[in-house]
Each structure stands twice: as structure tokens, then as C-alpha cells.
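Engineer: Can you read through this structure? Questions will come right after.
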Amino acid sequence: MTFANSPQANQVSPSLQPKGWLRYLSFSLDHKVIGLQYLVCGFLFYLIGGALASAIRIELSSPISDFLARDVYNQVLTLHGTIMIFLWIVPVVNGAFGNYLIPFYVGARDMAFPRLNAVAFWLIPPAGLMLISSYFITGAAESGWTAYPPLSITTPAAGQIIWILSVLLLGGSSIFGGINFIATILKLRRPGLKLMQLPMYCWAMLGTSILVVLSTPVLAGTLILLSFDIVAHTGFFNPTLGGNVIVYQHLFWFYSHPAVYIMVLPAFGLVSEILPVHCRKPLFGYATMVYSIMAIVVLGLMVWAHHMFTSGTPPWMRLFFTIATSFIAVPTGIKFFNWVATLWGGRISLNSAVLFSCGFIVNFVLGGITGVALAQVPFDVHVHDTYFVVAHFHYIVYGGSVFVIFSSIYHWYPKFTGKMLNEHLGRFHFVLTFIGFNLCFAPQHWLGLNGMPRRVAEYDPQFAFVNQLSSVGALIMAISTLPFLWNVIQSAFNGDVAGDNPWQGLTPEWLTSSPPPVENWQGEAPLVTEPYGYGITNEELAVEPSINDDIQIPQDK
Amino acid sequence: MTILLCIALVLGGTWVGQHVNLLPISASSNAPVYDELFRVLLSIGTILFVGMLGLVIYSLIKFRRRPGQTGDGLAIEGNLPLEIFWTAVPAIVILFVGLYSYDIYDRMGGMQPLQHGEHGHQKMSTNQRIWGGIGSGTVSQAESKSNNPLPVEVTAMQFAFLFHYPKGNIISGELHVPTGQQVSMKMESKDVIHAFWVPEFRLKQDIIPGQPTVLNFTPTKPGRYPIVCAELCGPYHGGMRSAVVVEEPAEYESWYSKNSKEIISEA
Amino acid sequence: MTTITPLDETNKVQVSKDQEHEDHRLFGLVAFLVADGMTFAGFFAAYLTFKSVNPLLPDAVYELELPLPTLNTVLLLVSSATFHRASKALKISDSKECQRWLMITAGLGLAFLISQMFEYFTLPFGLTDNLYASTFYALTGFHGLHVTLGAFMILIVWWQARSPGGRITSENQFPLEAAELYWHFVDGIWVILFIILYLL
């Protein structure tokens, strides 16, 4: 049994600290190890996806197709989208932070199904490597991350099939993860801990996992049908054989719209954890935050066809999806107002984590506004499939999720490693990222409105200047990764010792040593009924005094 | 003070909506309607974005932890009236935007039953469904001007558009249309999904293999505008462009008769 | 160092005989079956859309014969009942009885598969003939795959119940319960499939 052999199972060791770097390359069952595996693995894929993005921006800095061959350009943009979504954002906001934090938050020693958890992680590297190696061996898929048939049926089959296989593997990993999170949150809660006392990230992950479990299988089924079309020459989505290409789009977006929430809901949860700690204030409006997450989950499942307003959908469908989509803005808006209210009247430490979180709020508000605009059929008909959409979703997934990932790394790095990150480098990283990001994507709104479609390698020369501006922004974004990389690597060795609770946080992960022991706590798991009880005198704190005594023990630094 | 700021914000946002022009020129009868919606959305968006940005920056400056400060912020856990307020206000704004865009949609002809080839010039098999979108119905304004839409058959393939005028049996690589005349296009794709997009018309419709789509529009402003394929269709997707030439009716007639004759003489 | 008494000993699923863990695994299985059901839902939605939007030409329409699929439905429904008998037998620690019912269930599953194969070979259309044919084979094939998996699961469970020191006893019923739940799920999907594909 792997469990008995893995080093961290060595519970009789007097020190509960896990030992050795090799465990990060092993089939470890420890949720913290798996979480960091997800994080580092995701970040490596992020670097690859970022390199692909750079290639796209270099190509687009001139109006003619000169840097990449045309089919290679399509492969690059397909890989960029697929890697960033399936190998970076989804695994990191769900897998990495979810695995690391959820067991702490529910007061458990591990996830509900540790072995399934490890399997879910270890599906990712082979799937990712397979996807990337397809570029070198057969040529990668060329039909965009949406893989719309009939284009995906007519482009070279080998690359497309490998793409389908790896997305299926990643989808499977995502489903396993989702099942695990649902079971952990609902079933493994420490006795005495009520659902409405859970930190917000648990709710976000519960909502996300419901979306994962309900929508990902539909994508899997669709891609299986698509692969039949490619391999066995069936005609599901092949119009020359009587198939219907629109059905693919419906099924695809039934997953891929919720996928947006799979990427941003956990980010919402993480921000809800980070802001109260650094603002020294309770999270504003806990109950409404919970309800709005659930409202987003429900609404998120019935808005998919707003991606298909120009696909000849019938008028009633457009109307329904316009209204449903617009109304997602209401629960989302509630969350943003609540965060601003959390900032209001706080004692905010302006550190990197807060800056990235606030950058997220600003970027996401802009992305949300363009999102509501895009939900309006008449508006969408003009800008659908243009750079306006590109700008919009980068504001959501980069300005939203990726900013939150960075914020979370700054926030939890002391817990992960026991060392502090360098604040100056962190702020420098933020400034570069924020400026680069906005310079890269804000001008793209204008490009889309004025006639530049997305996924093109060549364009009208009148757009050259704005595209170059955007490319400069991308360059700044690329450079901004360097201070971050230097920071995380050198801080791991030379950073200041963090101590168990450098931010004076109240959520359970801070009530143990940094890095935490194998089974999370020396003694019993603390019962944290008020994870955001800041600004309240010590007697009123929800952490039970006896537990407090317990957790003093490991503080031997 | 707060009220003044809010008024300034709303006025500023409205001003931005009215005076900042981010769109290309409008050259079809539904483009001004679109621009109206765009201005309203831009105003609301500006107000919201600047407001939120201001709130975040103000909070970060006003409530930042100053050197030497310790201790926590105010222990405010929530405020029900406030929550109701910021649930209700966005809901009302959304409702307004939704109703307004429905109105715009209706004015663009989106809610009308699909109509194409009402003059029987098409030989459509009866069981073939026609798909459409905005502008697929008869645009009412145009109807008064001309009850006789100009039929055009569009064929899209990798990587070109072909325009066929059934009346004169003209096949052209560019779309020539007269101003003030409603054009009714039936679009079919030979291979993969393409999309017909004229930014100056604010109109886009996918061209879907196996499912003919229709697009009706009325050009208003003479000029030469790009036709762009907006759906990834293969390696040369970026190069799949054409042009629509909007001409005064007289000019169009001369183009039409010239080309029409040629075709007939060849035949 | 005091002995650690973890509150939730879930990472030792194999080691522990704690009743609580069984619950979690069944819960996980239910969540997985929900996901699996969504795959079928996607297929059904695709089939129904194809049917309403892309009607076949009249000469290509083929009325499916009903007797064989009806027999299949009966086979699966009966197998659900026999599986239920098996788990009831296990609850009263009657291992012999349990094994017998398991074998009958597996036999019924096998009979279903054979009958399904027979139908495949007698049908006048092939996988790539038209949209209907493709969807028909995709749906029934995907379901058949589930039945095959289920039959294997039953055989494994039977094997485990058979060996005296095996994992399945009246104390540890999880493998049997899981297989039973899965089998009922597959049967339920078949009923929906039968209604949508053959009757509608």
C-alpha cells in the first residue's frame, strides 16, 4: 500500500514535520503536499502558457503574418487557451488552494478520499505533457480551445485527438477533485462546526464543486462524440453527414460557461479569506456572501447560450439567456460591494496580498461591466468573437483569477514554507503586473469595437499601433514574472522566519505551525466558529481557550 | 459631500457616454440604434467602474494601517439595509438594461419571425429550417422605404466570401449594395463555420454549414467597408476578408447593369 | 508524545473499519454517479435535439423492433431485484445465499449484454449510416460499457464474498453496497434510455 510506504505516514516520528523534498514528487496522500504539487505544477504550465501568449503578442505586433506560420499560430493560440484554463487556473484555484486549505477549514486531518485526491493530481502532469508534446510530434490542435466542429473535424486529426484525450483526463481530474471537496466539506466537518460558520472559501469550493460535478461530464461526453466524428467518421457534428454543429456548441458551453465560475468562484472565496485578515475586520455580510455564491451556481448553469448569440439561436432563447446572464451581475455585485464594505473602516496593511486582491476587485469590476454589456444580444452581435471578448475574459480570468492566485501566494506563502516573502519585491511585482495587464488588455476593447476579430494572425493595418501598445503591455507582464520567481525561490531559503501566524489570522490554518505537521494539528483540531472575528476583544473570540493552549506547544521558534 | 460626488459621478459618466466615441462610423439603419444602446451601457459602466475604483482607492488610503498602529478595525459584520440596498439597486439597473436592450433588440428586428425571400425567388426545400439572428426579420424602418428587399446569396468557404445576386445572376467577390435599400442575405457555408461581420453595420451572423442563416440590413451611408470573418475557420482566418461597397442607388444601378449584362452575354 | 487520536481518520480508509468511512465512500460514489448521470443527460439532450432539429428523410426512418429491448428491460429490472436479494442475504450473514444471488445477477447482466449484441447484429443500420444510427449506438454502447463494468464489479464482489477471509462480510458491506448502487443506477439509466430511444 502506498500509504504505508510514503514518508509522511511515519506518524511515530517524534517531530510531526514531514521531511524531504522527494515527497513532492511522490504519490503522496497528504493534502498539503498535493496542494503544493498542484500549485507548482500549475505554475510551470503557466510559464509555458505565458510563453505561448508572448508568441501570440509578438505575431500581433505587426499586421501581417510574419512571426509564426499560420497553422502554427492557430496551434499556439489553442494551446495557450487550453493550458491557461485547464492546467493553470482550474487546477490552481481549485486543486492547489482547495486541497491545502479545505481540510484545515473544516477541521479535518485530510481530504475525504486522499487516494482519489492523489490520483486526481497525478492525472494532470501526464495530460499536460501529452498536450504540449503533441505540438512537437504531430502538431497540436488548431481549432481553438473551443474546438468547434466542423473545423475540429477537418483540421489534422492527430493533434485534435490528443487534445481531446488530455482534456478528458483533466476533466476527470477535475471531477475527482470536485467529488472530494463536496464530501470533505459536507461530511468531514469537525463536530460542532456548523455550515454557516465555515470560512467563505469552503462555500466557494462547495459551489464550484457542484458546478464541476454537474457540468464537466457533459463536456466529457461531448468530446467523446467529437472524437467519434474524427476517428470513426460518424456524423454527430458533421453537417455533410447530416450532423448538427450547433448541438456541439450547446453541449460545449454547458460546461464551458460554468467553467468560468469554476475559475472565479474559488477566487472569490480566496479574496474573502485574505481581505478580513489584512483589514482586521470581519467579512462584511457573511450570509449574503453565501447566498450569492449559491445564486451564482444556479444561474451559472443556465446561461450558456449567451456564447451563441450569432449562431442562429431562436429569439426566445436569446432573450432568456440575455436576462439570465444579466442577473448574474446581481449576486456578483453583492460580493463586490461586500468586499468594499470589508475594506471600509478597516486597518488595512497595504501589503502585496491586499494590493493584488484590490487589483482583482478593480479588474473584475471592469470585466463584469463588459460582461453585462456582452450579455445584451444587440450589443453582443457586434462584438461577439472580437478582441472585445478577448479583453473581457482576460479581465475575468487574468485580472480576476490570476491576480487572486498571486494574492493568495503572498498571503499563504508563510504558511506553506514558514518563511516570509519579500514585501518590496512583492509590491514591485504588483505594480508591474497591474500596469502591464491593463496596458495589454484595455486597448483590446477598442480593437474589438472597431473591427478586429479574435484568433487572427493578420489584421487591418489601422490597428497596428494599438496592437503594439498591447504587446508592450504583454512584455511588461512577462517581465513581472521575474521578480515574483526570484522572490519565491530566494525567500524559501533566505526569507525571514514567518512564525505560525504572521498575519494574526483567525482561520484554522493559522492555528498550527508553519509549515503544518502531517495531520495538521498536534492535538485536536480547533473549533473555529467565528473565522472572521476580528475587531472583537479576546474573551469573545471563538477559539476555545483549551485549544489555544494546545496550539502553543508547537511554537518552538 | 458624498451626494455631490455621486452627482458628479453620474454626470461625468453620462458625459463620457455621450461624448467618448469608441465606435467606427455607422453605416446601416440599425447602427444608430446600436450606438444608442452602447452609449447607455458606456454611461452606466463608467459610473459603476469609476465609483468602485474610487471607493477602493479611497478605502485603501483612508483606512490604511499607519506606522505604529496596532489593533483591529471596526467589528462590523454586516448591515442588512445596506445589503438590501446594493441588491436592489443593481437588480433595478439590470432590469432597466435588460428591458432597454430588449427594446433595442426589437427595434433591430430581432423578435420578428425569420423572413427571407418573401418574394419567392428562393427554392428552399420545405423541411430546411432557416436560422437567423438580429436583422433576420424585416427591419420596420426599412420596410416603409422599400418593400422589395434585394436578395443576395452568400457562400462562405475557406477562405473567401462569394456573393450571388439571383436577379442579375451576378457572382461577385465584393458585396455591392445601394443605400436605403434593404438587403436580404441568405448565407451558406461550404465547409466550416464562418461569420459575416461588418463592423460599420454593427451586424454579425455566423455562417453555418448545413444550416442556412439569413441576415437583413439596410445600408445608409455610401462607402467601402470591410467584411470580416469572425469565426476561427482555419489557418487563413485572418486573411478572410472582403468588402461591402455601399453606393448611391444610381451608381449601384450602373454597376448592376454592367455586370448583369456581362453574365448574360456569357451565358 | 501522546498518541494521536485523529478526529477523522479518513486517510486510513483501508485500515479502519470505522462505519463513518463507509458513509463517505458511498457519498462519494453518489456524487460520482451524479456526474456520470450528467454525461448521459448530455447524450440524451443531444439525441433529442438531433431528433427535433435534424429530422431524417422518410425513407431513412427505421422503426426499432420492440421485443428484444423489452426483454432487455425486463432482464435488467429483474437483475436489480436479484442484487437486492443478494445484499439482503449478506445483511443476515448468509454468505452462500448472497453468492448465489450475485451469480444470478451477473448472469442476467451477461444475458443483457448478449441480447444487446444480438440486437446490434440484426439491426439494418451501422454506426456511420446516419445521425440517428450514430446516436443510437453511442447511447446504447456507452450504457453497455457501464453494464460490462457493472458485471465485472459483481464478479469481483462475488469473488470477495466467496473467499472466507475476503473483504466482504456482514461487517464490511461497502464493496457490495457500492456495486449495488452502481447497478441500480445503470438500470435506471436503461429505463430512461428505453423510453427515450425506443418508445418516443
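Protein chains in written order, with our numbering: chain D, 5 to 561; chain E, 67 to 333; chain A, 225 to 424.
For glycine and all other residues, C-beta sits at the position ideal for the given N, C-alpha and C.
#1: Helix, strand or coil: how does DSSP classify E:T279 here?
#2: Is A:V381 closer than 8 Å to A:L326 when the C-beta atoms are compared?
#3: Within 10 angstroms of its Cβ, does E:N145 collect 16 or more other Cβ (buried), or is it exposed?
#4: Cβ atoms of E:D138 and D:R431: under 8 Å apart, would you say?
#5: Using a threshold of 8 Å, state whether the C-beta atoms of D:I179 and D:C45 are closer than that.
#6: Step through the CB atoms of chain E and report whether any lies within less than 8 Å of the CB of D:H388.
#7: Determine the direct distance from the alpha carbon of E:S109 to that of E:H85, and round the result to whole angstroms.
#8: Alpha carbons only, please: which of D:T159, D:V406, D:P221 and D:A446 is nearest the one belonging to D:L51?
#9: Could you name each continuous alpha helix (DSSP H) segment of 4 residues or more that falls completely within the segment 458–522 of chain D, going from the start of the chain to the end?
#10: By the three-class DSSP mapping on this structure, what secondary structure does E:E313 have?
#11: If you draw a straight line from the alpha carbon of D:W4 to that of E:V106, how long is it in whole angstroms?
#12: Who are the neighbours of D:K191 on chain A, taking C-beta pairs under 8 Å?
#13: So, with DSSP's three-state summary, where would you put E:F129?
#14: Restricting to Cα atoms, I'd like to know which of A:D353, A:K275, A:Q384 and A:L300 is closest to A:V333.
#15: Measure the beta-carbon distance from D:A122 to D:L33 and round it to whole angstroms, keeping in mind my assumption that it falls under 8 Å.
#16: Could you check if D:L486 is buried or exposed, using at least 16 other CB atoms within 10 Å of its CB as the buried criterion?
#17: If you run the structure through DSSP and keep just helix, strand and coil, what is D:T314?
#18: Which residues, in order along the segment 255–270 of chain A, keep a beta-carbon less than 9 Å from a beta-carbon of chain D?
#19: For D:T390, write down the residues that DSSP places opposite it in a beta bridge.
#20: With a CB to CB cut of under 6 Å and the five nearest residues on each side skipped, what residues in its chain are close to A:E321?
#21: Closest Cβ-Cβ distance between E:G79 and chain D: below 8 Å?
#22: Do you know whose CA, among D:E513, D:T142, D:I168 and D:E523, lies nearest D:G422's CA?
#23: Exposed or buried, D:W581, counting other C-beta atoms within 10 Å across all chains shown (16 or more means buried)?
#24: I'd like to confirm the pairing. Which residues does DSSP put opposite E:L241 in its beta bridges?
#25: Which word fits E:K324, buried or exposed, when buried means at least 16 other C-beta atoms lie within 10 angstroms of its C-beta?
#26: Go ahead and pull the three-state DSSP assignment for D:W92.
#27: D:S412: buried (16+ other C-beta within 10 angstroms of its C-beta) or exposed?
#28: On the three-state DSSP scale, how would you describe E:F104?
#29: Would D:T346 and D:G372 qualify as a contact pair, given that the criterion is a beta-carbon distance under 8 Å?
#30: Report the partner residues of E:V249 according to the DSSP bridge assignment.
#31: Can you have a look at D:V216 and say buried or exposed, based on whether 16 or more other CB atoms are within 10 angstroms of its CB?
#32: Starting from D:V532 and walking both ways along the beta strand (DSSP E), at which residues does that stretch end?
#33: Could you check if D:A236 is buried or exposed, using at least 16 other CB atoms within 10 Å of its CB as the buried criterion?
#34: Return helix, strand or coil for D:L305, following the three-state DSSP convention.
#35: Would you verify that the beta carbon of A:S311 is, or is not, closer than 8 Å to some beta carbon of chain D?
#36: Counting along the chain, where does the beta strand (DSSP E) carrying D:V251 start and finish?
Structural biologist: Quick look at the numbers:
#1: DSSP, read as helix, strand or coil, puts E:T279 in strand.
#2: The answer is yes: Cβ separation under 8 Å.
#3: A residue is called buried when at least 16 other Cβ atoms come within 10 angstroms of its Cβ; E:N145 does not meet this threshold and is exposed.
#4: Inclusion of D:R431 and E:D138 in the CB contact set at 8 Å is not warranted, their separation being larger than that value.
#5: No. Outside cutoff.
#6: Closer than 8 Å: yes.
#7: If you take the alpha carbons of E:H85 and E:S109, they lie about 10 Å apart.
#8: If you compare the alpha carbons of D:T159, D:V406, D:P221 and D:A446 with that of D:L51, the shortest gap goes to D:V406.
#9: Within the segment 458–522 of chain D, the complete alpha helix (DSSP H) runs of at least 4 residues are 468–498.
#10: Looking at E:E313 - three-state DSSP - the assignment turns out to be strand.
#11: Chain D is shown from 5 up to 561; residue 4 of chain D falls before or after that span and cannot be answered.
#12: Identification of chain A residues near D:K191 by a Cβ-Cβ cut-off of 8 Å yields D247, H248 and F251, ordered along the chain.
#13: It is coil, neither helix nor strand.
#14: Rather than Val, the amino acid found at residue 333 of chain A in this sequence is Gly. The residue with the shortest Cα to Cα distance from A:G333 is A:L300.
#15: Right, the Cβ-Cβ distance comes to about 6 Å (below 8 Å), so this counts as a contact.
#16: The residue is exposed, with fewer than 16 neighbouring Cβ atoms inside 10 Å.
#17: The three-state secondary structure of D:T314, taken from DSSP, is coil.
#18: Identification of residues in the segment 255–270 of chain A having a C-beta nearer than 9 Å to some C-beta of chain D yields A255, F256, V258, A259, D260, G261, M262, T263, F264, A265, G266, F267, A269 and A270, given in sequence order.
#19: Bridge pairing for D:T390: D:P457 [DSSP].
#20: Residues A313 of the same chain have their beta carbon placed closer than 6 Å to that of A:E321, with the five preceding and five following residues left out of the count.
#21: No, because no Cβ of chain D sits closer than 8 Å to the Cβ of E:G79.
#22: Ranking the options by Cα distance to D:G422, first place goes to D:E513.
#23: Not covered by the structure: residue 581 of chain D. The range shown for chain D is 5 to 561.
#24: E:L241 pairs with E:V310.
#25: By the neighbour-count definition (other C-beta atoms within 10 Å, threshold 16), E:K324 is an exposed residue.
#26: It is helical.
#27: Buried is the call here.
#28: Three-state DSSP puts E:F104 in a helix.
#29: Annotated as distal: D:T346 and D:G372, with beta-carbon spacing of 8 Å or more.
#30: DSSP output for E:V249 lists E:L216 and E:F283 as bridge partner(s).
#31: Buried: at least 16 other Cβ atoms inside 10 Å.
#32: Premise fails: D:V532 is in no beta strand (DSSP E) and is neither H nor E.
#33: Within a 10 Å sphere around the beta-carbon of D:A236 sit fewer than 16 other beta-carbons, which makes this residue exposed.
#34: Coil, per DSSP.
#35: Not flagged as an interface residue toward chain D: A:S311, since no C-beta distance is shorter than 8 Å.
#36: Counting along the chain, D:V251 falls outside any beta strand (DSSP E), though it belongs to the alpha helix (DSSP H) covering V249 to C283.
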